[in-house]
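Take a look at the structure below.
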Amino acid sequence: MSAPESPPRPRLRDRLPDPGDGDPEAWLDAFLTWVADIGLEPYPAQEEALLELAAGRHVVLSTPTGSGKSLVALALHFKAMAAGRRSFYTAPIKALVNEKFFALCDELGADQVGMLTGDASINWAAPVICCTAEVLSNMALRQGEDCDAPYVVMDEFHYYADPERGVAWQVPLLELPRTTFLLMSATLGNTAFIEERIRARTGREVAHVHSEQRPVPLDFDYRETPMHETVEALLDEGRAPIYGVHFTQREAAERAQALTSARVSDRAQRDRIAEALEGFRFDSPYGKDVKRFLRHGVGLHHAGLLPKYRLLVEQLAQRGLLRVVCGTDTLGVGVNIPIRTVLFSGLSKFDGSTVRLLSVREFKQIAGRAGRKGFDERGSVVCQAPEHEIEKKREQQRRGATAARKRRAPRRAPPPGFVGWDRRSFEKLVHSPPETLTSSFRLGHGMVVSLLQRGSETGERSGGYRLVIDLIDRSHEGPGTRARLRRQAADVVRSLRRAGIVRRSLAGAGPHLHVSRDLQPDFSLHQVLSLYLVDAVGMLDPEEPDYACDVLSLTEAVLDDPRAILQQQVRRARQDLLARLKAEGVPYEERLEKLDRVTHPKPKVEFIRESFRLFAEQHPWVGSDVLHPKSVAREMWEGYEDFADYVRRYGIERSEGLLLRYLSQLHNTLVQSVPEFARNEEIEDAIGFFRAMLGRVDSSLVEEWESRTSPGIPRAGVPPPRPEPLDLARHPRALQARVRAELHGVVRALAQGHYEDAAAGLRQDPDAPWDAARLEAALEPYYAEYERIVFDARARRPELGLMKPRGNRQWDVFQTLLDERDEQLWSLEGEVDLREERAPEGPLVRLRRIGP
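The numbers in the sequence shown follow the numbering used here, run straight up by one, and end at 1066.
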């Protein structure tokens, strides 16, 4: 007799009180009842925060990681829904926004939750919105007090002090006086000044709820043994799972490699991991290394990995299958890896300009992730001594313990540029409070335009310039900085007037400034480089043979540099040049001079610089260093180079995730920012080429983008139209380009004898799949007649591919194989069927036969 099934976990949405019962506190009773029904008992800090929110106060919630801040945030969303009002959740990174979006969908219903991340949106008219802080900040600037955001949760609020992004956390506090705020972080420090400014701006009290009580207490330890010995000791002490914190991707990868020879897991544990990995395709150049690490029980997690590998590591860790994960300090911003022990490989990092010790806030953000609620009685935070100090100590031990021998021991010098730490540094970080948050208010051209637009729409006297000055005066900066910002605002407005973006009118109560009415209503300077791209593409001649390649160069110039890839391009170029110069007998000093001038490829660079100079004359808000000419995508397109081949050619296996993200951004920019009138067949083919490549390697990024639209920022009180999903059948040029790119990818794999890759590029029929063995067998008669399949520029000629409509949303497709005798007698024959899907994930083409 089977055991009775346990009842399903109750959903919070089902506990919404009747709007007509007239009890304003009914939501709190319903929420607490639900909390009890799911088996939770609120901590004192949680109860205090809930009561303060029920009383209508703002709440600053400063409690350790794992102490239930998310539950308090959920309560505020529930309160808003019970009142029929909107609420927002903001976070610093899209990964946290995505995670919160799905969590809220589970509790409140998918139809009640939306997401906005600036370049993508889902259900953006929903009553509960998850978004990045910048999205809410832009809404607040454009709409001011009319912004429909009565309840706002700002997670990871310590970003308020971030020099680059802190303004996005401050603007809502300045522009939304009728909003109830819940500001949350584990490392806030003293926020008295911020609380006073919120109180003065909104006229309501601010409750600071603080607790040092952790659900899982932490212990701290400083180790002076080599890393592999420390890891083995922690495993023997039962402190797994361990997350090793490194401050570069290279260090994390090298540590994972080194730990494959350590005693990390036993045979039974490795067998469970192997079983969990069955069916997973480690088909990228770095995949074999990731697989090898995992088979030894060691996970690797950093931004240079493909998303599918990072997700796999997270899933294995959540199942308790990984005892050690080597990663970067992204753990401090909420990576979803449950761990017991945080192991710091060091306490200093390179922050982009210099090497420095970790701040107290950075340390505590990372250390606070130790300890799993419900699993561990205690969490552990362990710090490694510097490697050269460990080596020095070992050398002293080998030479003997006498003071005289210690004096004769050779001194171990630290590495160049090293910023050291010791046990006292570690203890200071453990016991010190987080640094006080400081204001990071900045004034930008985009901010000024948004405020001027608002002023024009609301009929503000003097246009929106008064709004600019008011915002500066309300900012949390000191008197001297505010005076400097007012002078800067005047300079910005003058530059915008010279460019014709802002104009001065005489009407009504007097002169006022407004954004030119010749511009589109939703004009924004936040996408200024997209405007340049449109402008520059219009200067090209579509009849030129390099037109498509030049469009790629312009598109790449507006994207951020993938530095690790460009560095490898420079390294390879120097190697090739050095070999040539040596062969030519060029003197040593002259060789060095020539090598110093080597840079990464920058095709069309003179045109890009001159066109941008002309653009900047009309748009003076752009900076002088915002364009980045380069050739990554263009290089791949010109050589029709596969992702894996490109990775291997430059030796960027550890950064293949960076290449994937870059190509995803390029694909999205081509689709979104290159006007359709400027796209010829070759550009459509290039879009299809990169779309097919992304789908073969890891489709998650491009599929996420395609599943969403970016209609803009919602206006207060105006429900936006629901975006329709992409339908390839309604975009024949895009469909044909994608099919052609998929077929070319399959042919290239067949020509190289990579039958598994070819099979992965096909849409499989479950009843008759084309696996590697079947493809190889089908080509045996071909190779009886011909030596090889030719795949070069000729093999990609449009006339070798054919796509014929067969019926309702169905097409027959043919791709001729090019042989060395150019007889063109063999072809791939397949079909595309979109009757049940609009834009299928993965390949489109289902192969029927290969033959003459």
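Glycine included, every Cβ here is placed at the ideal spot set by N, Cα and C. Every value quoted in this text rests on a predicted model; they were computed, and no experiment measured them.
Contacting residues, own chain, Cβ-Cβ under 6 Å from Arg428 (five flanking each side not counted): Taking the sequence shown and counting its residues from 1, the one referred to as residue 428 is at position 214. Excluding positions up to five away in sequence, the list reads Pro278.
From Gly959, Leu657 and Glu890, residue whose alpha carbon lies closest to that of Ala704: Here residue 704 refers to the residue found at position 490 of the sequence shown. Closest option to Ala704, Cα to Cα, is Leu657.
Look up Asp1068 in the DSSP assignment and say whether it is helix, strand or coil. In the structure as shown, the chain starts at 215 and stops at 1066, and residue 1068 therefore has no counterpart that could be examined.
Please report how far the alpha carbon of Glu803 lies from the alpha carbon of Leu809, in whole angstroms. Along the sequence shown, one-based indexing puts residue 803 at 589. Along the sequence shown, one-based indexing puts residue 809 at 595. Rounded to whole angstroms, Glu803 to Leu809 spans 10 Å at the Cα level.
Determine whether the beta carbon atoms of Thr416 and Met368 lie at a separation below 8 Å. Residue numbering aside, residue 416 sits at position 202 when the sequence shown is read from its first letter. Residue numbering aside, residue 368 sits at position 154 when the sequence shown is read from its first letter. Against a cut-off of 8 Å, the Cβ pair of Met368 and Thr416 comes out as no contact.
Who are the Cβ neighbours of Leu1058 in its own chain at under 7 Å, not counting the five residues just before and after it? The residue labelled residue 1058 in the question sits at position 844 within the sequence shown. The residues are Arg952, Val953, Glu956, Arg977 and Val1046.
Between the beta-carbon of Ala470 and the beta-carbon of Leu530, is there less than 8 Å? Taking the first residue of the sequence shown as position 1, residue 470 is located at position 256. Taking the first residue of the sequence shown as position 1, residue 530 is located at position 316. Taking 8 Å as the Cβ cut-off, Ala470 and Leu530 do not qualify as a contacting pair.
Between the segment 400 to 412 and the segment 247 to 255, do at least 3 Cβ pairs fall closer than 8 Å? no
What three-state label does DSSP hand Asp899 in the structure shown? Looking up residue 899 in the sequence shown gives position 685. Asp899 falls in the helix class under three-state DSSP.
Select from Glu896, Leu792, Glu807 and Leu780 the residue whose C-alpha is nearest the C-alpha of Tyr860. For this step, residue 860 is matched to residue 646 along the sequence shown. Among Glu896, Leu792, Glu807 and Leu780, the Cα nearest to that of Tyr860 is on Leu780.
Test item: CB-CB of Glu321 and Arg227 under 8 Å: Position 107 of the sequence shown holds residue 321. Position 13 of the sequence shown holds residue 227. Yes, they are a contact pair.
Could you check whether the segment 844 to 855 touches the segment 488 to 504, counting it as contact only if at least three pairs of C-beta atoms, one from each stretch, sit closer than 8 Å? no
Nearest by alpha-carbon distance to Arg537: which of Arg524, Leu806, Arg554 and Cys319 is it? By 1-based counting over the sequence shown, the position of residue 537 is 323. When each option's Cα is compared against that of Arg537, the closest is Arg554.
Relative to the alpha-carbon of Arg944, which residue among Glu1051, Asn894 and Pro386 has its alpha-carbon at the smallest distance? Residue 944 sits at position 730 when you count from the first residue of the sequence shown. Nearest C-alpha to Arg944: Glu1051.
If you reduce the DSSP assignment to three classes, tell me which class Ser594 lands in. Stepping through the sequence shown from its first residue, residue 594 is reached at position 380. Reduced to three states, the DSSP call for Ser594 is strand.
Between Cys597 and Leu828, what straight-line distance do the alpha-carbon atoms span, to the nearest angstrom? Looking up residue 597 in the sequence shown gives position 383. Looking up residue 828 in the sequence shown gives position 614. Taking the straight line joining both Cα atoms gives about 54 Å.
Helix or strand or just coil, what does DSSP make of Cys345? Your numbering for residue 345 matches position 131 in the sequence shown. Strand at Cys345.
Whose C-beta lies closer than 6 Å to the C-beta of Asp636 among residues of the same chain, with five residues either side of it excluded? Working through the sequence shown from its first residue, we reach residue 636 at position 422. Taken in chain order, the list of residues that qualify is empty.
How many whole angstroms separate the CB atoms of Leu1039 and Pro1012, which I take to be in contact at a CB cut-off of 8 Å? As a first step, residue 1039 is located in the sequence shown; it is residue number 825 there, counting from the start. As a first step, residue 1012 is located in the sequence shown; it is residue number 798 there, counting from the start. Not confirmed; about 19 Å, so no contact.
Let me confirm a value: Gln463 is counted as buried when at least 16 other C-beta atoms fall within 10 Å, else exposed. Which label applies? For the purposes of this step, residue 463 is taken as residue 249 along the sequence shown, with counting starting at 1. The residue in question, Gln463, is buried, as its Cβ has 16 or more Cβ neighbours within 10 Å.
When the Cα of Glu770 is compared with those of Glu757, Ala787, Arg786 and Val751, which residue comes out closest? For this step, residue 770 is matched to residue 556 along the sequence shown. The residue with the shortest Cα to Cα distance from Glu770 is Val751.
On the DSSP bridge list, what partners appear for Tyr303? Within the sequence shown, numbered from 1, the residue matching residue 303 stands at position 89. Answer is Cys344 and Val367.
Please report how far the alpha carbon of Asp985 lies from the alpha carbon of Arg1002, in whole angstroms. Locating residue 985 in the sequence shown gives position 771, where the first residue counts as 1. Locating residue 1002 in the sequence shown gives position 788, where the first residue counts as 1. Roughly 20 Å between the two C-alpha positions.
Rank Val707, Ile686 and Asp362 by C-alpha distance to the C-alpha of Arg698 and give the top, closest one. Translated into positions along the sequence shown, residue 698 becomes position 484. Out of Val707, Ile686 and Asp362, Ile686 has the C-alpha closest to the C-alpha of Arg698.
With DSSP run on the structure shown, which of helix, strand or coil describes Lys308? The residue labelled residue 308 in the question sits at position 94 within the sequence shown. Three-state DSSP puts Lys308 in a helix.
Grab me the residues of Leu949's own chain with a C-beta within less than 6 Å of its C-beta, minus the 5 sequence neighbours each way, in chain order. Locating residue 949 in the sequence shown gives position 735, where the first residue counts as 1. Correct list, in chain order: Leu942.
Please confirm whether Pro776 and Leu841 have their CB atoms less than 8 Å apart. Residue 776 sits at position 562 when you count from the first residue of the sequence shown. Residue 841 sits at position 627 when you count from the first residue of the sequence shown. Not closer than 8 Å, so no.
Inter-stretch contact at 8 Å, needing at least 3 Cβ pairs: the segment 1021 to 1033 / the segment 987 to 1007: yes
Are the CB atoms of Gly458 and Gly541 nearer to each other than 8 Å? The residue labelled residue 458 in the question sits at position 244 within the sequence shown. The residue labelled residue 541 in the question sits at position 327 within the sequence shown. Going by C-beta atoms, Gly458 is nearer than 8 Å to Gly541.
According to DSSP, simplified to helix, strand and coil, what is Glu1037? Locating residue 1037 in the sequence shown gives position 823, where the first residue counts as 1. Coil, per DSSP.
For the putative contact between Arg788 and Val819, defined by C-beta atoms under 8 Å, what is the C-beta separation to the nearest angstrom? Taking the sequence shown and counting its residues from 1, one reaches residue 788 at position 574. Taking the sequence shown and counting its residues from 1, one reaches residue 819 at position 605. In fact, because the Cβ distance is near 19 Å, the residues do not count as touching under 8 Å.
Does the count of Cβ pairs from the segment 576 to 591 and the segment 477 to 485 closer than 8 Å reach three? no
Would the beta-carbon of Asp764 be found less than 7 Å away from any heavy atom of the ligand HEM? Ligands are entirely absent from the displayed structure, and the ligand HEM is therefore not among its contents.
If you draw a straight line from the alpha carbon of Pro231 to that of Leu246, how long is it in whole angstroms? Here residue 231 refers to the residue found at position 17 when the sequence shown is read from its first residue. Here residue 246 refers to the residue found at position 32 when the sequence shown is read from its first residue. Pro231 and Leu246: Cα-Cα distance of roughly 12 Å.
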